[in-house]
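**Student:** Residue numbers (the working numbering), protein chains in the order written: chain D, 4 to 288; chain Y, 17 to 273; chain G, 3 to 299. Don't be surprised by glycine CBs; every beta carbon is placed ideally from N, CA and C.
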Amino acid sequence: MIVRRVREKIAFTFLRLSALLVLVILIAILYYIVSNGVAVVNMNFLLKNPEKGMTGGGIFPAIVGTFYLIALTLLFALPLGVSTAVYLSEYARGKNDRVLTIIKVATRILAGIPSIVYGLLGLGLFVFVLNLRFSLLSASLTLSFLTVPIIIAASEEALESVPMSYREAALALGATKWQTVRSAVLPYALPGIMTGSILGLSRAAGETAPIMITGVAYYLPRLPASPFDQFMALPFHIFTLSTQSSNPQLTRPFQFGTVFVLMALVLLMNLVAIVIRNRYGKLRR
Amino acid sequence: MTALSTSRFKIQTKNLNLWFGEKHVLKDVNIGIEEKRITAIMGPSGCGKTTLIRVFNRMNEIIPGCRTSGEVLLDGKNVYSSDIDVVELRRRVGLVFQKPNPFPKSIHDNVAFGPKIHGITRKKQLDDFVRFSLEEAALWDEVKDRMNDSALSLSGGQQQRLCIARALAVAPEVILMDEPCSALDPVATAKIEMLMRKLAENYTVIIVTHNMQQAARVSDLTFFMYLGEVIEYGETKKIFESPKNELTEKYISGKFG
Amino acid sequence: MRTGAHNILKMDAIIEKFFLLCALSSILIIGLIFTFLFKEGIQTFFYVSPARFFIGSIWQPVAEIPKYGVLPLLSGSILVTSAATVIALPMSILCATYLAEVSHPALREILKPIIEILAGIPSVVFGFIALTILADFTQSIFNTIYRLNALNGAIILAVMIIPTIVSLSDDAISAIPREYKEAALALGATRWETSRRVVLPAARSGIVVATMLGIGRAIGETMAVLMATGNAPLLTFDLLSSVETMTATIAIEMGEVAFGSPHYHALFAIGLVLFAMTFAVNLVAELVSGRMRGLRS
């Protein structure tokens with residue numbers, strides 16, 4: 004009897020330790036980044052252009068580039084993702100099980116495709132075949148392909164959690180399918196859709212590989228004036244600073260600073276998404 | 017308390033109260049369960065009968081917010097005292113649930129689960145335990161050729177008997193049955209009722225039921241509960257033929273519940 | 003029928019078609035990926051025989067006589083991924099079991115977002131950590147000759163896939179019905195015995211799916227391994243050696259190739275192999291999880 008109790012104690016201790024280890028890893032990562040980066044980040048750093056071979060000035064263009072990317076990706080991915088989810092959740096239920104399953108499986112497989120492969124698609128399709136060249140447009144279209152599965156999954160979940168009774172009430176009043184979806188379903192799924200989209204975009208903001216081969220640049224003298232221009236971006240800046248610049252040791256402070264800024268951006272987006280989910284997502288239960 | 021005072025009580029409660037959060041579910045319950053007899057606890061939905069039997073094997077504790085006061089004695093010892101290990105208690109006091117819940121394992125492994133946990137590892141010994149329990153539960157003949165099949169392939173009645181066998185395999189002293197037949201058809205029900213009477217030869221059996229006819233058919237003693245209190249108890253025949261309390265009489269004649 | 007109502011219904015039908023088209027985009031995108039990878043990748047075999055590509059053990063695209071053997075890159079990916087899985091799996095399952103079976107609900111509500119945050123950290127940040135502090139760490143503990151090596155990559159990759167495996171496994175374990183747990187407890191099992199002998203075995207297929215998806219993510223990871231493993235296309239199973247993964251190769255070399263050159267096509271061919279592998283892993287995961295039942299009709 005005692006042996007069984009001891010075994011349980013030992014097992015539970017290991018379980019607790021493993022969770023603790025994961026927690027410690029995260030804290031260590033955050034500590035490493037914050038402690039080394041916070042000294043570097045100030046208003047100059049955020050608002051000035053790079054100078055002296057990336058050892059002075061700031062990373063302003065990279066920040067701007069990342070924001071442009073996020074905006075354009077949102078523009079392309081959100082409508083497509085939400086529309087797909089609306090079809091899967093509202094129109095396809097009941098009929099066409101086969102098509103429905105294939106689309107759902109395709110979406111999940113897409114979510115597991117490596118980001119560099121999306122980059123290759125972007126290179127072949129947007130840069131060359133559609134002749135968009137190396138540009139913000141190519142890069143953000145590529146990123147939106149990558150983001151769409153994430154938005155689909157989150158939106159689908161949000162839509163499916165809207166109670167059937169809402170739809171039935173609208174239909175019983177004589178609303179058409181679309182009127183029902185628009186007024187009795189979508190508004191209630193909005194928090195979930197927003198949460199999923201923000202999380203998807205935060206992932207897009209952090210991606211390097213796809214934009215590496217579709218248009219990002221290490222140093223540009225000017226900000227992009229149109230979507231057809233090349234651009235700088237935070238993730239690629241980090242990569243190049245730490246691996247390709249002529250003296251990584253000298254640029255180390257900037258590396259930490261840029262990592263700090265990117266992490267802050269991503270964490271902020273995650274936080275907003277979580278807050279939205281907690282405050283608005285579970286109102287109806 | 018006429019017919020109950022002479023036999024030794026296997027289980028006894030003294031001023032038992034139980035709360036789930038703010039809800040006072042059991043109120044000042046003072047009862048005694050006689051050894052090796054079938055005791056039925058009946059009453060309308062929500063009267064606390066399931067909660068009461070789950071006190072005997074401390075299964076209510078799994079639910080957060082559960083609080084008790086008073087004593088519950090098994091063979092004279094309070095089950096809440098600190099030197100009783102709840103795990104050992106649950107071996108001695110077995111529970112059969114309302115809806116059959118066999119593990120998603122083979123028939124053999126379901127019954128062998130209990131003995132394995134309690135240290136029986138040799139295959140021959142385990143097989144003997146399994147066979148013995150299945151025979152006691154009147155299921156052996158029906159499953160002896162399919163011991164490795166999934167338990168979920170059995171019919172509802174068979175699954176319930178499997179759960180009984182599984183409970184018997186740890187050699188309990190008391191068997192609690194929470195409306196064991198409510199999910200079963202009449203034929204399966206009859207089989208289990210027959211089984212109960214056989215089991216009472218060796219085990220103390222307590223069944224919860226809202227089916228009065230079943231209580232009348234099967235039990236030696238009956239408790240009637242209403243809204244968390246024990247209203248009346250005694251020999252089953254006497255309760256049904258000449259109930260002392262007006263509430264009991266109303267329930268028995270179907271005026272409510 | 004009044005024309006007003008007729009028009010609304012017509013609109014509705016058009017809208018439905020629109021949504022259907024959007025939904026088909028998922029399939030379209032997969033098709034596009036395959037098409038482009040195939041179209042550009044297949045042209046590799048005008049310059050090098052399939053045998054030389056698939057089982058060639060030297061990858062030296064910039065040499066007098068370029069060699070396009072994918073084996074060193076494949077072995078790099080497999081080595082780093084396997085090692086990462088070996089490191090991540092036990093810890094992930096333990097952590098998921100803790101979350102699902104042991105932790106108080108309040109603590110769980112704090113830990114789950116933390117794991118989500120870990121999952122949301124960009125891969126280039128993980129790469130940066132592997133390049134700087136982790137490499138120092140592994141070098142001092144394991145006395146490695148090369149600072150950036152497969153082990154380095156495996157460790158950082160493990161950290162990256164732990165959140166994936168943990169959260170999916172936690173979903174699987176939490177989905178096991180309460181009735182099984184109650185039955186076990188009522189038989190006198192301890193909570194650990196219940197978890198170990200009833201709940202975890204019942205959740206086995208869900209945990210397998212979670213692991214497969216974690217492996218899929220590991221194979222497809224680019225930046226972290228690019229910055230962590232040293233990028234030497236060596237065919238080896240030595241964890242302390244520098245290696246190069248398929249993903250890293252494509253990312254690094256694509257910036258330096260001429261459009262339409264053999265090297266360019268070879269990189270697409272690698273992409274094709276990568277696509278095939280991750281497609282297969284994810285497809286099998288879907289099959290195992292039984293979510294393709296709708297196809298039987």
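1) Using a C-beta to C-beta distance shorter than 7 angstroms, which residues of chain D count as neighbours of Y:D101?
2) Nearest-angstrom Cα distance between Y:N46 and Y:F240?
3) Give me the Cα-Cα distance between Y:N31 and G:R219, rounded to the nearest whole angstrom.
4) Check the Cβ of Y:E104 against every Cβ in chain D and list those closer than 7 angstroms, keeping chain order.
5) List, from N- to C-terminal side, the alpha helix (DSSP H) runs of 4 residues or more that fit wholly inside the stretch 199-250 of chain G.
6) Is it the case that the Cβ atoms of D:S205 and D:V269 are separated by a distance below 9 angstroms?
7) Within 10 Å of its beta-carbon, does D:Q258 have 16 or more other beta-carbons around it, so buried, or fewer, so exposed?
8) Tell me the DSSP bridge mates of Y:T29?
9) Just verifying my parser: in three-state terms, what is the DSSP assignment at D:A236?
10) Check distances from the C-beta atoms of the stretch 130-151 of chain Y to those of chain G and list, in chain order, the residues that come in under 9 angstroms.
11) For G:S207 versus G:S291, is the C-beta spacing smaller than 9 angstroms?
12) With 16 as the cutoff for other CB atoms within 10 Å, does Y:D125 come out buried or exposed?
13) Is it buried or exposed for Y:L192, if we count other Cβ within 10 angstroms and need 16 for buried?
14) State buried or exposed for D:N250, treating a residue as buried only when at least 16 other CB atoms are found within 10 Å of its CB.
15) Name the residues in the stretch 216-227 of chain G whose C-beta lies less than 8 angstroms from a C-beta of chain D; which are they?
16) With a CB to CB cut of under 6 angstroms and the five nearest residues on each side skipped, what residues in its chain are close to G:D172?
17) Mind listing the chain D neighbours of G:T213? Cutoff is C-beta to C-beta under 9 angstroms, in chain order.
18) So, under 8 angstroms CB-CB, Y:Q175 and Y:A181 are touching, yes? Tell me the CB distance rounded to an integer number of Å.
19) List, in order along the chain, the chain D residues whose C-beta lies closer than 9 angstroms to that of G:R193?
20) Starting from D:T69, trace the beta strand (DSSP E) both ways and give me its first and last residue.
21) Can you list, in chain order, the residues of the stretch 157-185 of chain Y whose Cβ is nearer than 9 angstroms to any Cβ on chain G?
22) Since G:L187 meets chain Y, which of its residues come closer than 8 angstroms, beta carbon to beta carbon?
23) Does any residue of chain G have a CB that is nearer than 9 angstroms to the CB of D:V262?
24) Looking at the structure shown, is D:R287 part of a helix, part of a strand, or coil, going by DSSP?
25) Name the residue from G:P165, G:F139, G:I164 whose alpha carbon lies nearest to the alpha carbon of G:L153.
26) Determine the direct distance from the alpha carbon of G:S27 to that of G:A15, and round the result to whole angstroms.
27) The beta strand (DSSP E) that contains G:Y266, what's its start and end?
28) Where does the unbroken beta strand (DSSP E) through Y:K39 begin, and where does it stop?
29) Taking its Cβ as the centre, do 16 or more other Cβ atoms sit within 10 Å of Y:Q230, making it buried, or is it exposed?
30) Using the beta-carbon of each residue, which ones in chain D are nearer than 7 angstroms to G:N151?
31) Taking 8 angstroms as the limit between beta carbons, can you name the residues of its chain near Y:I208, skipping five residues before and five after?
32) Determine the extent of the alpha helix (DSSP H) in which D:G203 is found, giving its start and end residues.
33) What residue range does the alpha helix (DSSP H) around D:G40 cover?
34) Closer than 9 angstroms, CB to CB, is G:I252 near chain D or not?
35) What does the alpha-carbon distance come out to for the pair D:F131 and G:G262?
36) Take the Cβ of G:S169 as the centre, count every other Cβ of all protein chains shown within 10 Å, and call the residue buried at 16 or more, exposed below.
**Tutor:** Looking at the atomic coordinates:
1) M4
2) 13 angstroms
3) When rounded, the distance between both Cα atoms is 60 angstroms.
4) M4
5) Whole alpha helix (DSSP H) segments, 4+ residues: 206-222, 225-230.
6) yes
7) buried
8) Y:V88
9) Residue state for D:A236 is assigned as coil, using DSSP reduced to three classes.
10) G130, K132, I133, H134
11) yes
12) Per the 10 Å Cβ criterion, buried.
13) buried
14) Burial state of D:N250 is exposed, judged by a 10 Å Cβ sphere holding fewer than 16 other Cβ atoms.
15) Flagged, chain order: G218, R219, I221, G222, E223, T224, M225.
16) A98, L101, A102
17) The contacting residues do not exist; G:T213 stays about 13 angstroms from chain D at best.
18) The pair is not a contact, with the Cβ atoms about 10 angstroms apart (cut-off 8 angstroms).
19) Against chain D, the beta carbon of G:R193 has neighbours under 9 angstroms at E11, F15, listed in chain order.
20) Looking at the DSSP string, D:T69 is not in any beta strand (DSSP E); the run it does join, the alpha helix (DSSP H), is 63-89.
21) Within the stretch 157-185 of chain Y, the residues whose Cβ lies closer than 9 angstroms to some Cβ of chain G are C179, R182, A183, A185, listed in chain order.
22) M75, I78, R106
23) Taking 9 angstroms as the threshold, the shortest C-beta distance from D:V262 to chain G falls below it.
24) Since pLDDT at D:R287 reaches only 46, below the 50 mark, its modelled position is unreliable, and no value is offered.
25) G:F139
26) 19 angstroms
27) Here G:Y266 belongs to no beta strand (DSSP E); instead the alpha helix (DSSP H) covers 264-290.
28) Taken as a continuous stretch (DSSP letters only), the beta strand (DSSP E) holding Y:K39 covers 39-45.
29) buried
30) Neighbours of G:N151 on chain D: none; closest Cβ ~16 angstroms, over 7 angstroms.
31) G173, Q176, R177, I180, P196, C197, L200
32) Its alpha helix (DSSP H) spans residues 189-209.
33) Residues 5-40.
34) yes
35) One Cα belongs to D:F131, the other to G:G262, and the distance between them is close to 11 angstroms.
36) buried
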